[in-house]
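Chains as they are written, first to last, in our numbering: chain A, 29 to 657; chain B, -1 to 100.
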Amino acid sequence: MSAMLAALPFMPLISFMILIVAKDRLAWRFASLISVGALLFCTIVSLLIAQRVLSIEGEPIRVMLWQWMQLDTGVSWLPISFSLVVDRLAAVMISVVSGIGFLIHLFAAFYMKEDENFVRFMAYLNLFIVAMLFLVLADNLVLLYLGWEGVGLCSFLLIGFWYQDKKNADAARKAFVITRIGDTSMMLGLLLLFTSIGELQFERIDSAVIQQWSVGNETAFWVALLLLGGAIGKSAQLPLHTWLPDAMAGPTPVSALIHAATMVTAGVYLIARTQSIFMLAPEVMNLVAWCGALTLLLAGITALAQTDLKRILAYSTMSQIGYMMLALGAGAWSAGVFHLMTHAFFKALLFLCAGSIIYALHHQQDVFKMGGLLKKLPIESGLFTIGLICLVALPGTSGFFSKEFILGHLWQSPTAGPLFWWLAIIGALLTALYSCRLFFLVFLGESRFEGELHRLTSRGALLALLFLAALSLVGGIWHSQFNMPLLQSQELQMLNQSILTANNATVVPTWLHTLAIATPFIGIAIAWVLFAKYRRSFEQPLISVNNAWVRFSRAGLGFDYLYLFLIHKPFVFLAHANRRDVLDQLLMLLSHFSLWTKDAILPTQNGSIRWYAAVFALGLSAYILGWLL
Amino acid sequence: MEIVPLSHVLIFACLLFVIGFVGVVVRKNTLFMLMCLEIMLNAVGVAFIGAGNVWQQADGQIMFILILTLAAAEVAVGLALLIRMQQRWQDLNIDKLSELKE
């Protein structure tokens, strides 16, 4: 088992290397065979491992590959090893990453078949999975950081895959720079943690912080805050969320991968993994909950006004990650990770379906130019609708189970509470609203698209979609797995017990569950009336409402402008003001001075020996005269 | 025999030296400059001889012989230089030899 675990991240790495070296010399058939095959291997291995680890008496599996480096703690040398560990949390994550990754690879192999840089694309996708696997399997923070940065790099490469268009390259750079802000914060957190407790291996960190720090410890607060900074950068939460909608510039399978299996889940994973530190800093947990709740609402509102199909989905991802953050902030670690898993299922499905719809409509992404696709593209539409049902969390679907799970924890949690429950309910209502709007605009009404549809007819891609749809529908059956805590250390459980059930006195109203279940239906009912125009599309051509509020909301509630004026403009202004480099000028004075003196005394060196003799004599006689007097 | 007072000798030597030096600075022709250098050397020689005479010591005369040797060596080098200059520029203008300034 441990040999398989050791091979898990290296299989796609080997595939990546083969593809990147061979480049265009490789035929489509071989390239897709290698890359998808590597992922198939990963999926099988991951599922086997997960089955073993997630069973009732499952023990974590570890494998140490090699010692990486030694760090000086001031007292002794702390070995940092390149070792992988699969506990319950990692088992869930590797299953999601490899499983969803495999299906997306399969889809991408057909979807991107005609792209001239197909091999490069598959190579990057593989590398993405490698980085994510390292991130998830790491048994210490340093190795996790390696994966973390690898994920950032791959997202940059893939978002800017069609870099020939400047817009795409800009989006890639934006994603890279904004996540970099988070990464810096995480790096600082890591350093602070290392200098304060001198441990980087997860289980040792857990026991060390629990022994050394009490609840509310100041260092714990700062470490948790800095780690949270990293998490919100990667997971696209407020206020570092602006890169995610622009990341739609990449090919659709990339969006699916970023939104479902990799990248944005990294932040959630990080917080779940370092939960011991977060539990010792309840203020930061509260902040996590606030980040999640605000992002959830903001993204919901913004999604209501978008016109681009992929952007709607992007904002919905933000809002669903907001749910996960909210769960983590409330201390419902398992619920957050469960939602991560179910969200991965249906978001991958939604994105891949959106990809095939956009492909069929000749790269038309504007939902106002679609309409009536239920009749024209029945299979894709059906699958997309399944994804939407899960997103809205209608009872029975996977999204329902995970969302209920989260909502169930919020009311009682000492770091969240009823207010957050209400925010989450409003979020669920918004989810139902924008999902219905999307559904009405794209699938109902009359077709507003002229021209031949070209369908994605390959069976492999369809197979991937069907698998994802099945997972989205029945993903809830793994619900029971998440009733057990994902990190099993004894100390952690005690801490969990003592902190998160501190004030269990809060009475839970009986109507809580009824309302939570009813919310999506209420949302759908409101949407039915509110978006009747879109549903029937009796107005031709159909145009979106375009008042100031909608425009404001379409632009992501102005965050881009805020950053433009708050950071970009002042920076450019300062850079412009300092274009001659004030400090440099001070140093240049020295050079100016020596240049000036050179000019002043240069004429004396005229090469004329008679001058030299005369001056020499003059100087000598002046000297003697001075000496005599 | 009436001895010429030392001050006279020194004044004469100084005059001779200054004449030689002014010649070195003023003349452009290298040949004349060499001759002026000789004058300067001889002025120093006169000063040595005069001083040696006052103290009745042979040192002054020894120094003069040394100076003569030096002058001979200097003339040898100087004349060689002159010949090269003549070959190269067909001219003995010392200002032509200013290429080392940069």
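The beta carbon of each residue, even a glycine, is placed where N, CA and C say it ideally should be.
Please list, in chain order, all residues of the same chain as residue i whose beta carbon is under 7 Å from its beta carbon, the five residues on each side excluded.
i	result
V580(A)	Note that residue 580(A) corresponds to Phe in the displayed sequence, not to Val. G586, listed in sequence order.
L341(A)	L378, F379 and A382
R301(A)	L117 and F230
L218(A)	L169 and Y173
A252(A)	I305, F306, A309 and V312
L254(A)	S213, M214, L216, G217 and L220
V114(A)	L33, I77, V81, P88, I89, I122 and L165
K404(A)	S475 and L481
N245(A)	L308
D588(A)	T270
A555(A)	A460, L461, C464 and R465
Q84(B)	L90
I want to see whether chain A comes within less than 8 Å of residue i, judged by CB atoms only; does it?
i	result
S96(B)	yes
I9(B)	no
At the 8 Å Cβ level, is residue i part of the contact set with chain B, yes or no?
i	result
A650(A)	no
A203(A)	no
Quick one: list the residues of chain B neighbouring residue i, beta-carbon separation under 7 Å, in chain order.
i	result
A200(A)	Simply none; closest approach about 54 Å.
Could you name the residues that DSSP lists as bridge partners for residue i?
i	result
F15(B)	Partner(s): none; F15(B) has no beta bridge.
D5(A)	A query on residue 5(A) cannot be resolved here, the shown segment of chain A reaching from 29 to 657 and no further.
A327(A)	For A327(A), which the question treats as bridged, DSSP gives no partner whatsoever.
F138(A)	Partner(s): none; F138(A) has no beta bridge.
A203(A)	Partner(s): none; A203(A) has no beta bridge.
F306(A)	Partner(s): none; F306(A) has no beta bridge.
N112(B)	An answer regarding residue 112(B) cannot be provided, because it is not within the stretch -1 to 100 covered by chain B.
L112(A)	V91(A) and A166(A)
L106(A)	L99(A)
Q229(A)	N168(A)
D394(A)	D336(A)
Suppose the cutoff is 8 Å on Cβ atoms and the five residues either side in sequence are ignored; what does the same chain contact list for residue i look like?
i	result
L602(A)	none
F135(A)	P281, A284, L380, G383, G488, A489, A492 and L493
M(-1)(B)	Confidence is the limiting factor: at M(-1)(B) the pLDDT is only 47, short of 50, which leaves the residue's position unreliable, though a coordinate-based value still follows. The answer is none, since no qualifying residue turns up.
Give the residues of chain A in contact with residue i, contact being defined as C-beta atoms less than 7 Å apart.
i	result
D93(B)	S636
Could you list which residues in chain A have their beta carbon closer than 8 Å to that of residue i, in chain order?
i	result
F19(B)	A641 and A645
V22(B)	R638 and A641
Which same chain residues, not among the five before or five after residue i, have their C-beta less than 6 Å away from its C-beta?
i	result
A456(A)	T547
F204(A)	F184
L266(A)	C319, L322 and T323
L499(A)	F373
F559(A)	R465 and F468
G178(A)	A159
F15(B)	M38 and A41
Under the criterion of a Cβ to heavy atom distance below 7 Å, does residue i qualify as lining the ligand GTP?
i	result
A66(A)	With respect to the ligand GTP, the structure offers nothing, as it holds no ligand at all.
Would you say residue i lies against chain E (beta-carbon separation less than 8 Å)?
i	result
V243(A)	Among the protein chains of the structure shown, namely A and B, there is no chain E.
Would you say the segment 485 to 501 of chain A touches the segment 408 to 420 of chain A, given that touching needs at least three Cβ pairs under 8 Å? yes
Is there contact between the segment 35 to 43 of chain B and the segment 55 to 75 of chain B, where contact requires at least three CB pairs shorter than 8 Å? yes
Inspect the CB distances between the segment 228 to 242 of chain A and the segment 312 to 326 of chain A and report whether three or more fall short of 8 Å. no
Check whether the segment 359 to 367 of chain A and the segment 394 to 408 of chain A are in contact - that is, three or more C-beta pairs closer than 8 Å. no
Segment contact, 8 Å Cβ cut-off, at least three pairs: the segment 412 to 431 of chain A with the segment 458 to 469 of chain A: yes
Should the segment 124 to 138 of chain A be regarded as contacting the segment 178 to 194 of chain A, the criterion being three or more beta carbon pairs within less than 8 Å? no
Determine contact between the segment 267 to 280 of chain A and the segment 194 to 210 of chain A, defined as no fewer than three beta-carbon pairs at a distance below 8 Å. yes
So does the segment 333 to 347 of chain A actually touch the segment 595 to 612 of chain A, counting three or more Cβ pairs closer than 8 Å? no
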